[in-house]
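Numbering follows our numbering, in which position 14 of the sequence shown is assigned residue number 14; successive positions increment by one, without gaps.
Beta carbons are placed, not taken as given, at the ideal position from N, Cα and C, and that holds for glycine.
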Amino acid sequence: MAKAQPTSTSTTVRDSKTGRFLTVRGVGALKGQLTLKKGVDLTKPIASQAIKSRKPRKVAAPKTA
1 MAKAQPTSTS
11 TTVRDSKTGR
21 FLTVRGVGAL
31 KGQLTLKKGV
41 DLTKPIASQA
51 IKSRKPRKVA
61 APKTA
């Protein structure tokens, strides 16, 4: 399986008033498509909806020495 290559999401720009160079982070972070699961309501808190839709984890049996 191929590993995903992280893309650079920062750009350096020059402030026209001060002449200083600033790094703008996060530029182009949402360039790709945004996929949402069916049933996610964007008018309600997404985090609480994600927690509700998660499947519970299976608890592993404790190891005995």
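Asked, Found
"Can you tell me whether Ser10 is helix, strand or coil according to DSSP?", "strand"
"Taking C-beta to C-beta, are Gly39 and Ser53 nearer than 9 Å?", "yes"
"Rounded to whole angstroms, what's the CA-CA distance from Arg25 to Pro45? Just pull it up for me.", "25 Å"
"Name the two residues that bound the continuous alpha helix (DSSP H) containing Ala50.", "Ile46 to Ser53"
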